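Heads up, the sequence shown is in my numbering, so the first residue is 14 and it goes up one at a time. Glycine included, every Cβ here is placed at the ideal spot set by N, Cα and C. Predicted model only: the values in this text are computed from it and were never measured. A short write-up of the structure that comes next.
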Amino acid sequence: MRYTASAIIMALISVIALCQVVCAEPPTQVIMFQPAVPKGRPLDGSCWTGSIATDRPGAWRCSVGNGIYDPCFSVTAAPDLVVCQSSPFTKHEVALKLTKPLPTPQKTVCKDCVWALELADGATCTIAGTGTLAMVAGEPLRWSCSNPSCSGSSCPDVGVIGTLKVGQVWVAKEVTVRWSGASAKLLGRKSVAVRKVWR
């Protein structure tokens, strides 16, 4: 296979750009989340499948009445309970007392299906949803993030789109957008190293 000079130059530029993102960063820390059992009486609920929010053993999609909780996590010390938590960055958690046995665990297959991220620029991100996702720049907006460079109601939104580049240092495609109804105006896009991921 023959390569043109322009193709070689473009490849070198890509390598240099990627190194600027990851070369100064420590390896991405992968955290297997282990919840604490919250105080108070648990709700009666059941889980019917593995979590959509994260692809790992011991994470479930559960319900209480018509409400859906995802992810919910098995607790080794309390096998009749699962603990559901909206984010690893908050303490808002709900314990469910299982009214049915947990389903058979499914084999994990998705390497970048993680619940939450901490990016090198200080943004923290949680899964944007477990249903139909909004599209930004032709790719699904998979995580919604804090905006570490702006505060207040007028700040644009930050998120991560598409797939994560998984390696020693993971890389995310971070976007800054401003919404008008269901449409997003792309204000910025950059590659950012991922410091931590939570499964």
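Asked: Smallest Cα separation from Met-45: which of Lys-52, Val-77, Phe-86, Gly-80?; Found: Phe-86
Asked: Near Val-127, which residues of its chain fall below 7 Å by C-beta distance, leaving aside the five closest residues on each side in sequence?; Found: Thr-67, Val-210, Trp-211, Arg-212
Asked: Just the Cα atoms here: how many angstroms apart are Gly-158 and Cys-123?; Found: For the record, residue 158 in the displayed sequence is Cys; it is not Gly. About 21 Å.
Asked: Apart from the five residues just before and just after Pro-153, which ones in its own chain have a Cβ nearer than 6 Å to its Cβ?; Found: Leu-146
Asked: Can we say the stretch 179-196 touches the stretch 47-56, given the rule of at least three CB pairs closer than 8 Å?; Found: no
Asked: Among residues of its own chain, excluding the 5 on either side of His-105, which ones have a beta-carbon nearer than 6 Å to its beta-carbon?; Found: Ser-99
Asked: Nearest by alpha-carbon distance to Val-171: which of Arg-69, Gln-181, Ala-197 is it?; Found: Ala-197
Asked: Counting only the same chain and skipping the five closest in sequence on each side, list residues whose C-beta sits under 6 Å from that of Val-205.; Found: Leu-132, Ala-133, Asp-134, Ala-185, Glu-187
Asked: What beta strand (DSSP E) runs, 3 residues minimum, are completely inside the stretch 144-192?; Found: 152-158, 170-178
Asked: Throw me the rounded Cβ distance for the Pro-55 and Leu-109 pair, which I believe falls under 8 Å.; Found: 6 Å
Asked: Does the beta-carbon distance from Val-95 to Trp-61 come in below 8 Å?; Found: no
Asked: Do Gln-119 and Gly-63 have their beta-carbon atoms positioned less than 8 Å apart in this structure?; Found: yes
Asked: Can you tell me whether Asp-134 is helix, strand or coil according to DSSP?; Found: coil
Asked: Taking the beta strand (DSSP E) that Ile-44 belongs to, which residues open and close that run?; Found: 42-44
Asked: Span of the beta strand (DSSP E) holding Phe-86?; Found: 80-87
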